[in-house]
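Read the structure below first, then the notes.
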């Protein structure tokens with residue numbers, strides 16, 4: 001049996017586990033020049049390990065130059081393009097705890113369908129074998145193992161995405177939505193490709209970390225760009241319907257459903273009219289005078305606000321004769337108010353409900369028992385909703401408890417600076433379009449105009465900050481405390497003082513302190529923003545560093561001043 005078996009064309013026979021090798025088997029193998037190998041593992045484990053080993057050793061492979069392979073947050077990122085930026089961002093990523101596989105001469109292997117793995121060309125199985133990064137401009141080497149430790153390296157990694165770094169071109173359109181998927185092919189496998197423009201003020205390490213996080217999010221089935229577009233289309237459609245319902249009127253309208261949802265009102269009648277009926281004023285009216293028959297103010301001005309009924313109003317109606325009661329009530333309800341709200345303890349008589357149904361009005365019951373509490377809550381909400389508002393282009397963040405609006409020309413790096421600030425533990429309120437209103441206390445409150453927590457990063461497209469970084473990285477709204485304008489540095493002399501008290505912008509009648517920061521190569525915009533905010537905090541607490549410096553200089557003698565200047 002063994003003689004015939006060993007005549008077949010196979011390279012070796014592996015015996016597993018406790019299986020014994022017989023004398024007859026060995027003699028037949030020698031006769032047919034075959035190899036017998038003994039594995040200490042069970043058959044199933046031997047097959048599994050052997051399949052993995054052979055797939056790796058026999059895989060189709062190719063060596064490519066000009067590419068670095070890194071592991072960023074568990075994602076295999078192949079990096080190519082702008083040489084200086086590639087080297088700089090790699091060093092920064094290693095400092096931030098990510099890993100290098102290879103800096104050049106990358107070997108890629110096609111392990112299986114949709115599975116490309118990257119290897120360092122050199123043998124990294126030897127314990128004292130170090131990883132190096134070569135500067136292609138001068139040939140110098142950076143010893144990664146010595147500088148960052150063995151934890152900053154690994155021998156191989158699955159390739160998940162390709163990032164191409166290129167110098168910023170003002171005339172080129174860079175992806176700002178992230179809807180279009182772009183791929184590059186290696187060994188027949190398509191790898192997702194992202195092109196990231198490089199310019200001063202952009203923290204590439206943080207952008208690449210975000211790209212890796214966004215890739216992981218997509219692999220979980222969540223596409224932030226698609227969700228953003230779908231929700232935007234819904235908002236546009238809703239606005240068109242609202243515009244049609246208001247007969248192209250530019251007055252601000254509050255759908256009754258929004259009021260109902262905000263205060264958890266129970267609908268007693270008119271559920272089908274909640275979306276097509278609007279409150280148009282901040283007024284909340286208790287109609288005791290109108291129920292007595294005096295409705296001149298309604299006839300002169302009309303009324304489009306909230307009507308409130310408590311036990312007092314119903315008690316007054318009961319004091320009238322039946323004929324007068326019905327007459328006055330019918331006359332009152334002719335005005336077709338957008339909503340009538342009852343306090344929780346108001347007992348509604350049947351005749352009142354019958355007239356409500358006859359006039360087909362919206363009637364709701366509030367969870368609040370006291371009418372004063374209901375009026376106070378409604379007032380705050382309605383005053384905020386109908387207050388004058390202003391939308392500004394910029395990024396609104398919370399830093400150290402302060403509301404900070406970053407402004408500047410398009411492409412200056414507002415979103416990238418904000419992204420780094422979020423990495424530093426600060427919070428996003430809104431990106432791109434920020435809506436500001438003046439609340440009842442006179443403060444300017446900012447929030448996202450429509451879709452909150454999304455950011456647009458050139459090259460990456462739309463990203464969801466709340467999903468990528470968690471709830472601690474965002475908040476719904478915030479008082480505006482300071483405006484910081486980012487400007488491009490065009491000359492060497494940028495050491496100009498900033499007067500935080502006199503430099504300001506007027507927003508909805510309030511003067512807001514404003515600071516101008518100049519962005520140039522080598523200047524960390526996020527750190528400068530943090531310093532500007534902390535400096536403002538110091539000034540508000542009565543500590544003005546510029547004033548103290550000037551006073552100190554005045555107290556110095558001429559001799560001391562000369563020594564200092566020298």
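Numbering (the UniProt record's numbering), first residue to last: 1 to 566.
Each residue gets a CB set at the ideal place from its N, CA and C atoms; glycine is no exception.
Ignore the nearest five residues each way along the sequence and tell me which others in residue i's own chain have a CB closer than 8 Å to its CB.
{"i": "residue 474", "result": "427, 428, 429, 452, 453, 465 and 466"}
{"i": "residue 35", "result": "11, 12, 13 and 29"}
{"i": "residue 311", "result": "343, 345, 346 and 347"}
{"i": "residue 267", "result": "260, 274, 362, 363 and 364"}
{"i": "residue 457", "result": "207, 210, 415, 416, 419 and 463"}
{"i": "residue 170", "result": "411"}
{"i": "residue 216", "result": "73, 74 and 75"}
{"i": "residue 37", "result": "12, 13, 14 and 15"}
{"i": "residue 254", "result": "278, 279, 280, 382, 385 and 386"}
{"i": "residue 90", "result": "68, 70, 79, 100, 103 and 133"}
Where do the N-terminal and C-terminal ends of the alpha helix (DSSP H) with residue i fall, by residue?
{"i": "residue 89", "result": "83-95"}
{"i": "residue 8", "result": "Per DSSP, residue 8 belongs to no alpha helix (DSSP H) and is neither H nor E."}
{"i": "residue 350", "result": "350-359"}
{"i": "residue 379", "result": "371-386"}
{"i": "residue 530", "result": "525-540"}
{"i": "residue 419", "result": "414-423"}
{"i": "residue 365", "result": "Counting along the chain, residue 365 falls outside any alpha helix (DSSP H), though it belongs to the beta strand (DSSP E) covering 363-365."}
{"i": "residue 208", "result": "204-219"}
Excluding the 5 residues preceding and the 5 following residue i in the sequence, name in chain order all residues of the same chain whose CB lies nearer than 7 Å to its CB.
{"i": "residue 324", "result": "none"}
{"i": "residue 506", "result": "none"}
{"i": "residue 583", "result": "Outside the displayed span of the chain (1 to 566) sits residue 583, for which this structure offers no information."}
{"i": "residue 579", "result": "Lying before the first or after the last residue shown, residue 579 is absent from the chain, which here runs from 1 to 566."}
{"i": "residue 145", "result": "130, 131 and 153"}
Residue i and residue j look like a contact to me (Cβ under 8 Å); what is the Cβ gap, rounded to whole Å?
{"i": "residue 135", "j": "residue 87", "result": "6 Å"}
{"i": "residue 307", "j": "residue 263", "result": "Contact doesn't hold; Cβ gap of about 15 Å is too wide."}
{"i": "residue 108", "j": "residue 186", "result": "6 Å"}
{"i": "residue 15", "j": "residue 78", "result": "Contact doesn't hold; Cβ gap of about 42 Å is too wide."}
{"i": "residue 291", "j": "residue 322", "result": "Not confirmed; about 14 Å, so no contact."}
{"i": "residue 104", "j": "residue 155", "result": "No, residue 104 and residue 155 are not in contact; Cβ-Cβ is about 15 Å, not under 8 Å."}
{"i": "residue 486", "j": "residue 519", "result": "5 Å"}
{"i": "residue 333", "j": "residue 359", "result": "5 Å"}
{"i": "residue 341", "j": "residue 265", "result": "7 Å"}
{"i": "residue 198", "j": "residue 85", "result": "4 Å"}
{"i": "residue 204", "j": "residue 468", "result": "At roughly 17 Å, the Cβ-Cβ gap does not stay under 8 Å, so residue 204 and residue 468 are not in contact."}
Is residue j closer than 7 Å to residue i when the C-beta atoms are compared?
{"i": "residue 273", "j": "residue 362", "result": "yes"}
{"i": "residue 480", "j": "residue 446", "result": "yes"}
{"i": "residue 455", "j": "residue 410", "result": "no"}
{"i": "residue 459", "j": "residue 196", "result": "yes"}
{"i": "residue 515", "j": "residue 476", "result": "no"}
{"i": "residue 378", "j": "residue 284", "result": "yes"}
{"i": "residue 74", "j": "residue 164", "result": "no"}
{"i": "residue 526", "j": "residue 417", "result": "yes"}
{"i": "residue 395", "j": "residue 443", "result": "no"}
{"i": "residue 100", "j": "residue 122", "result": "no"}
{"i": "residue 382", "j": "residue 277", "result": "no"}
{"i": "residue 482", "j": "residue 407", "result": "no"}
{"i": "residue 528", "j": "residue 541", "result": "no"}
{"i": "residue 39", "j": "residue 46", "result": "yes"}
{"i": "residue 591", "j": "residue 202", "result": "Any question about residue 591 goes unanswered here, given that the chain covers just 1 to 566."}
Check for me: the beta strand (DSSP E) holding residue i runs from which residue to which?
{"i": "residue 341", "result": "339-342"}
{"i": "residue 69", "result": "68-72"}
{"i": "residue 102", "result": "99-102"}
{"i": "residue 430", "result": "427-438"}
{"i": "residue 389", "result": "389-399"}
{"i": "residue 195", "result": "189-198"}
{"i": "residue 307", "result": "306-309"}
{"i": "residue 29", "result": "Counting along the chain, residue 29 falls outside any beta strand (DSSP E), though it belongs to the alpha helix (DSSP H) covering 23-31."}
{"i": "residue 13", "result": "12-16"}
{"i": "residue 456", "result": "454-457"}
Starting from the C-beta of residue i, find all residues in its chain whose C-beta is less than 6 Å away, skip the five residues before and the five after it, and write them out in chain order.
{"i": "residue 249", "result": "Note that residue 249 has pLDDT 46, beneath the 50 cutoff, so the model's placement of it is unreliable and the number below is only indicative. Contacts found: none."}
{"i": "residue 64", "result": "106"}
{"i": "residue 179", "result": "225"}
{"i": "residue 17", "result": "42"}
{"i": "residue 510", "result": "444"}
{"i": "residue 162", "result": "78, 184, 191 and 193"}
{"i": "residue 449", "result": "391, 433 and 435"}
For residue i, is the beta carbon positioned less than 6 Å from some heavy atom of the ligand GDP?
{"i": "residue 486", "result": "The ligand GDP is not part of this structure, which contains no ligands at all."}
Inset, instruction - Tell me, please, whether the segment 433-453 touches the segment 391-411 by the rule of three or more beta-carbon pairs shorter than 8 Å. - result: Contact holds: three or more Cβ-Cβ distances are below 8 Å.
Legend entry - Cβ pair count under 8 Å reaching 3, the segment 351-360 against the segment 217-233: Output reads no: the segment 217-233 does not touch the segment 351-360.
Legend entry - Three-pair Cβ contact test at 8 Å for the segment 327-337 versus the segment 363-383: No, they do not touch.
Legend entry - Cβ contact (3+ pairs, closer than 8 Å) linking the segment 91-105 and the segment 201-212: Yes, the segment 91-105 is in contact with the segment 201-212.
Legend entry - Cβ contact (3+ pairs, closer than 8 Å) linking the segment 395-405 and the segment 527-539: Segments in contact, yes.
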